[in-house]
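Peer 1: Residue numbers (my numbering): 0 to 299.
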């Protein structure tokens, strides 16, 4: 199967079609459905007021504040408040936060995605006439917008992080900081004298970072066939992807698959003012600036 155009689809594409798929919308969903998780994200994850940086921020969990806010569950063994029955209280409370911000947040995310209203060809507020039904589509979205609105054949679409209308699919949400690149929280030189309760709690937080890691390298390997069949591609069109560093490995895999053929990259923008930011981001992914152009959404 060949294609002249590779489309890279991000959340901005869904937003253009009236789908309430912003992280701000997810924030509102979490606030309604889980007070604890909502509060923990707000307090310990620097995702921004609108949660726009949620994925990246998962790697920046404020572990120190978590420990400090819960240390009253870890009284001194000599304290009048100490009892054997409370030996695991501190670890339990830290584990609640860690699992809430990993497993539970992932579950909430999947529930939210699967409840998003997706238009069809007749009800969509916009339809971009320039999309080639015979192109290749790499979508970072979890929604079936391409098939619902544009009737793109599934064989031409790779949902790199999972497809929401597949109930059995894992929907991937996470940061790009590999476990091998970060130091364990239990790296202290005086670990032997450290309170066992603290050691166990820090182990829980280490586990959090592993659970929220997005295994991009593994995902690329599992989808190697897609990245290896780009020989016929003459243009890459970026529609609604923010070009965040959290996804840089995928872009570098695309650049590698294009084999230095001078393929043109076209980025859809709301305003020409955003071109420079996109150019620099793509340059960081290995795309020469002379190959990068922009096009207004209104002209797509």
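Even glycine gets a Cβ: it sits at the ideal position worked out from N, Cα and C.
This one's a predicted model, so the numbers in the text were calculated from it and none came from an experiment.
Where does residue 167 land, buried or exposed, given buried means 16+ other C-beta within 10 angstroms?
Peer 2: Within the chain shown, residue 167 is the residue found at index 168, counting from 1. Exposed: under 16 other Cβ atoms inside 10 Å.
Peer 1: Name the residue from 108, 142, 170 whose alpha carbon lies nearest to the alpha carbon of residue 9.
Peer 2: What you label residue 9 is simply residue 10 of the chain shown in a count that begins at 1. Checked all of 108, 142, 170; the closest Cα to residue 9 is 142.
Peer 1: For residue 65 and residue 185, I'd like the C-alpha separation in whole angstroms.
Peer 2: Counted from its first residue, the chain shown places residue 65 at position 66. Counted from its first residue, the chain shown places residue 185 at position 186. Cα-Cα distance, rounded: 15 Å.
Peer 1: Per the contact definition of three or more C-beta pairs closer than 8 Å, is the stretch 53 to 68 in contact with the stretch 199 to 206?
Peer 2: Yes, the stretch 199 to 206 touches the stretch 53 to 68.
Peer 1: I'd like the list of long-range same chain contacts for residue 280, defined as Cβ closer than 6 Å, with 5 residues on each side in sequence excluded.
Peer 2: Sequence index remark: in the chain shown, residue 280 carries index 281 (1-based). The residues are 242.
Peer 1: Mind checking whether residue 30 and residue 45 have CB atoms under 8 Å apart?
Peer 2: Position 31 of the chain shown, counting from 1, holds the residue named residue 30. Position 46 of the chain shown, counting from 1, holds the residue named residue 45. Not closer than 8 Å, so no.
Peer 1: Would residue 322 and residue 169 be called neighbours here (beta carbons separated by less than 8 Å)?
Peer 2: Residue 322 is absent from the model: the chain starts at 0 and stops at 299.
Peer 1: Relative to the C-alpha of residue 213, which residue among 187, 231, 173, 181 is closest?
Peer 2: If you number the chain shown from 1, residue 213 lands on position 214. When each option's Cα is compared against that of residue 213, the closest is 173.
Peer 1: Please look up how many angstroms separate the CB atoms of residue 18 and residue 107, rounded, as I've assumed it's under 8 Å.
Peer 2: As a working mapping, residue 18 is identified with position 19 in the chain shown. As a working mapping, residue 107 is identified with position 108 in the chain shown. Not really, about 18 Å apart at Cβ, beyond 8 Å.
Peer 1: Near residue 35, which residues of its chain fall below 7 Å by C-beta distance, leaving aside the five closest residues on each side in sequence?
Peer 2: Against the chain shown, residue 35 aligns to sequence position 36. Result list for residue 35: 99, in chain order.
Peer 1: Using 8 Å as the threshold, is the stretch 146 to 166 in touch with the stretch 128 to 136, meaning 3 or more CB pairs across them?
Peer 2: With the cut-off at 8 Å, the stretch 146 to 166 and the stretch 128 to 136 touch.
Peer 1: Could you tell me which of 236, 159, 89, 228 sits nearest to residue 301, measuring between CA atoms?
Peer 2: Any answer about residue 301 is impossible in this case: the structure gives the chain only from 0 up to 299.
Peer 1: Under a Cβ-count criterion, where at least 16 other Cβ atoms within 10 Å of its own Cβ denotes burial, should residue 13 be classed as buried or exposed?
Peer 2: The residue labelled residue 13 in the question sits at position 14 within the chain shown. It is buried - the Cβ of residue 13 has at least 16 other Cβ atoms within 10 Å.
Peer 1: Looking only at its chain, what residues have a beta carbon closer than 8 Å to the beta carbon of residue 120, apart from the 5 residues adjacent to it on each side?
Peer 2: Along the chain shown, read from residue 1 onward, the residue named residue 120 stands at position 121. Taken in chain order, the residues that qualify are 126, 147, 148, 149, 150.
Peer 1: Since I believe residue 5 is in contact with residue 235 (beta carbons under 8 Å), could you give me their beta-carbon distance rounded to a whole number of angstroms?
Peer 2: Stepping through the chain shown from its first residue, residue 235 is reached at position 236. Stepping through the chain shown from its first residue, residue 5 is reached at position 6. Confirmed, Cβ separation roughly 5 Å.
Peer 1: Determine the burial state of residue 244: buried for a count of at least 16 other Cβ atoms within 10 Å of its Cβ, exposed for fewer.
Peer 2: Here the question's residue 244 lines up with position 245 in the chain shown. The residue is exposed, with fewer than 16 neighbouring Cβ atoms inside 10 Å.
Peer 1: Whether or not the stretch 265 to 281 and the stretch 40 to 57 are in contact is what I'm after, with contact meaning three or more pairs of Cβ atoms, one per stretch, closer than 8 Å; do they touch?
Peer 2: At 8 Å Cβ cutoff, the stretches do not touch.
Peer 1: Could you give the uninterrupted runs of the beta strand (DSSP E) lying entirely in the stretch 3 to 75, keeping only those of 3 residues or more?
Peer 2: If we require 3 residues or more, the beta strand (DSSP E) runs fully inside the stretch 3 to 75 come out as 4 to 8.
Peer 1: Can you tell me whether residue 208 is helix, strand or coil according to DSSP?
Peer 2: The residue labelled residue 208 in the question sits at position 209 within the chain shown. Looking at residue 208 - three-state DSSP - the assignment turns out to be helix.
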